Amino acid sequence: MQPNHEATRHAGVGTFIEHDVKVSGDVRLGQGVSICGPSELMAKHSLIVIGDYCDVAAFVTITTADSHRRCLEPTDEIERLEIHIEDHVFIGQGAIILGGCRIGHHSVIGAGVVLPKRSTVPPNSLVMSPRPVNKWRS
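This note's numbering applies: residue 3 is where the sequence shown begins, and numbers increase by one.
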């Protein structure tokens with residue numbers, strides 16, 4: 003994990019985090035969690051909880067903050083919503099998990115999936131991106 007003086011971290015026994023994973027804020031990892039880099043877990047002024055025996059593939063972004071309103075109206079407000087990922091969850095390469103999400107145990111989040119704010123994934127779920135459409139011209 004890259005150092006961040008504002009971060010509070012807890013990692014359970016047997017947790018493996020590659021050296022190029024960026025972590026900020028309050029991030030709590032259960033036992034046997036594996037996080038491949040480069041990935042980002044961003045919880046500045048918020049909380050990310052990842053349960054036991056979860057696998058996070060490379061290029062995954064898990065972020066509690068949403069600052070888009072600052073570009074649309076005169077405000078400095080940044081919305082920050084906790085993220086909870088239960089035990090035995092796999093998150094595929096390039097997935098993006100936004101604030102307020104809750105992912106139930108024994109679920110798979112496929113490669114490239116974007117989970118919108120406040121999404122709830124029930125236990126034992128498979129979430130996949132829409133199948134790409136290839137159009138060929140002759």
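Just so you know, even glycine gets a beta-carbon here, dropped at the ideal spot from N, CA and C.
Fair warning: this is a prediction, and the values are worked out from it, not measured in the lab.
- If you look at LEU83, you'll find it isn't in any beta strand (DSSP E); DSSP assigns it neither H nor E.
- For LYS24, the enclosing beta strand (DSSP E) stretches over residues 24 to 31.
- Between VAL110 and GLY16, the alpha-carbon positions lie close to 21 Å from each other.
- Approximately 7 Å separates the beta-carbon atoms of LEU83 and SER48; this is inside 8 Å, confirming the contact.
- Between the alpha carbons of ILE64 and HIS90 lies a distance of about 17 Å.
- Each of HIS108, VAL129, GLU81, CYS73 was checked against the Cα of ALA67, and the nearest Cα belongs to GLU81.
- In this structure, DSSP gives ARG72 a helical state, which the three-state scheme calls helix.
- In this structure, GLY114 keeps its C-beta atom at 8 Å or more from the C-beta atom of SER127.
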